[in-house]
């Protein structure tokens, strides 16, 4: 076991050269539609012939499998706890053109795992970054020390808010915490569930001005997603919105957002430190 731990640390120190881009989708509070956005952006990426893995880390509230209309027998926690379970058993493949991993229970203590659990987690991630073009993490709502630390390893972060004052305040607090640890981290902002587009744009402008004033940082707006009845219909039918309602206004808005995120003028020229290397600093740099 000591040799395995040494080899793992050695690989983490080298870093990863995989082209996989890691994106976290977060929110300051629950009920903002974060998981729906994570799911549908992932499916849209898959439709662009990208190899996509969606990882459900929404603790206790994971519903990615429901939104995809799928069921899988194993979660990432099953792999971490079960020595005999093969990595491929954890990944559910070819669901609306993407792969996904269920979260399971116990991930709230992710940075307090024992060494064996950390090694198993890295086995999954090392396998994933070599196999996929994009890995999206649907993070749990709210900000805990553990999840915020985890976010520092991501290449990019999508922050989802609504026009509600509490949602705006929590979104700012989350960005502030991450900024204090990594001032170069890029934030992308989405205002969801706006009654009118104007209301959503005002929400985004308010957050941008607040971040600019107090953190001296620019955040990129991906746009507004107004309330749309097709969202509820898609959830009821357990079909991703972009599959069940490809011509809906919501789908068209999500397509535009995706363009800005992965192919638009806001795209970073070069990738920062690799995801695995950043995770190494989190787990082994303590």
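In our numbering, the protein residues as written are -18 to 267.
Backbone N, C-alpha and C define an ideal beta-carbon position, used for all residues, glycine too.
Endpoints, beta strand (DSSP E) assigned at residue i
| i | result |
| --- | --- |
| residue 207 | 201 to 207 |
| residue 175 | 167 to 175 |
| residue 115 | 115 to 120 |
| residue 138 | 137 to 142 |
| residue 13 | Premise fails: residue 13 is in no beta strand (DSSP E) and is neither H nor E. |
| residue 74 | 73 to 76 |
| residue 80 | 79 to 82 |
| residue 35 | 33 to 38 |
Span of the alpha helix (DSSP H), counted from its first residue to its last, around residue i
| i | result |
| --- | --- |
| residue 151 | 146 to 162 |
| residue 60 | 57 to 62 |
| residue 183 | 178 to 196 |
| residue 100 | 96 to 112 |
| residue 44 | Neither: residue 44 is in no alpha helix (DSSP H) and is coded neither H nor E. |
| residue 241 | 230 to 243 |
| residue 210 | 210 to 217 |
CB of residue i within 9 Å of CB of residue j, strictly
| i | j | result |
| --- | --- | --- |
| residue 24 | residue 216 | no |
| residue 202 | residue 239 | no |
| residue 235 | residue 21 | yes |
| residue 102 | residue 138 | no |
| residue 188 | residue 5 | no |
| residue 105 | residue 61 | yes |
| residue 237 | residue 118 | no |
| residue 35 | residue 116 | yes |
Among the options, the one whose alpha carbon lies nearest that of residue i
| i | options | result |
| --- | --- | --- |
| residue 228 | 211, 26, 120 | 211 |
| residue 268 | 194, 230, 146 | For residue 268 there is no data in the structure shown, the boundaries of the chain being -18 and 267. |
| residue 128 | 37, 26, 14 | 37 |
| residue 84 | 114, 120, 110, 218 | 120 |
| residue 146 | 9, 82, 115 | 9 |
| residue 130 | 118, 198, 95, 159 | 159 |
| residue 177 | 144, 7, 59 | 144 |
| residue 109 | 225, 1, 180, 218 | 1 |
Straight-line gap, residue i to residue j (C-alpha atoms, nearest Å)
| i | j | result |
| --- | --- | --- |
| residue 78 | residue 45 | 14 Å |
| residue 207 | residue 111 | 36 Å |
| residue 233 | residue 19 | 15 Å |
| residue 154 | residue 31 | 33 Å |
| residue 53 | residue 73 | 6 Å |
| residue 163 | residue 259 | 12 Å |
| residue -2 | residue 256 | Note that residue -2 scores 49 on pLDDT, short of 50, meaning its location in the model is unreliable; the coordinates nonetheless yield the value given after this. Going from the Cα of residue -2 to the Cα of residue 256 covers about 9 Å. |
| residue 198 | residue 134 | 19 Å |
| residue 196 | residue 97 | 39 Å |
| residue -5 | residue 149 | Residue placement at residue -5 is poorly supported in this model, since its pLDDT is 44, which falls under 50; the coordinates still yield a value, given next. In a straight line, the C-alpha of residue -5 is about 39 Å away from that of residue 149. |
| residue 166 | residue 75 | 31 Å |
| residue 200 | residue 151 | 16 Å |
| residue 193 | residue 157 | 11 Å |
| residue 95 | residue 66 | 18 Å |
| residue 214 | residue 43 | 19 Å |
| residue 17 | residue 179 | 22 Å |
| residue 186 | residue 244 | 23 Å |
| residue 182 | residue 225 | 27 Å |
| residue 107 | residue 218 | 34 Å |
| residue 68 | residue 161 | 35 Å |
| residue 29 | residue 64 | 36 Å |
| residue 7 | residue 57 | 19 Å |
| residue 59 | residue 39 | 16 Å |
Cβ separation of residue i and residue j, assumed to be a contact under 8 Å, to the nearest whole Å
| i | j | result |
| --- | --- | --- |
| residue 205 | residue 175 | 5 Å |
| residue 191 | residue 172 | Contact flag wrong, Cβ pair sits at about 14 Å. |
| residue 71 | residue 81 | So it is not a contact: roughly 10 Å between Cβ atoms. |
| residue 114 | residue 33 | 7 Å |
| residue 122 | residue 11 | 4 Å |
| residue 220 | residue 50 | 6 Å |
CB contact check: residue i to chain D, cutoff 9 Å
| i | result |
| --- | --- |
| residue 203 | In the structure shown, chain D cannot be found, because there is only a single protein chain. |
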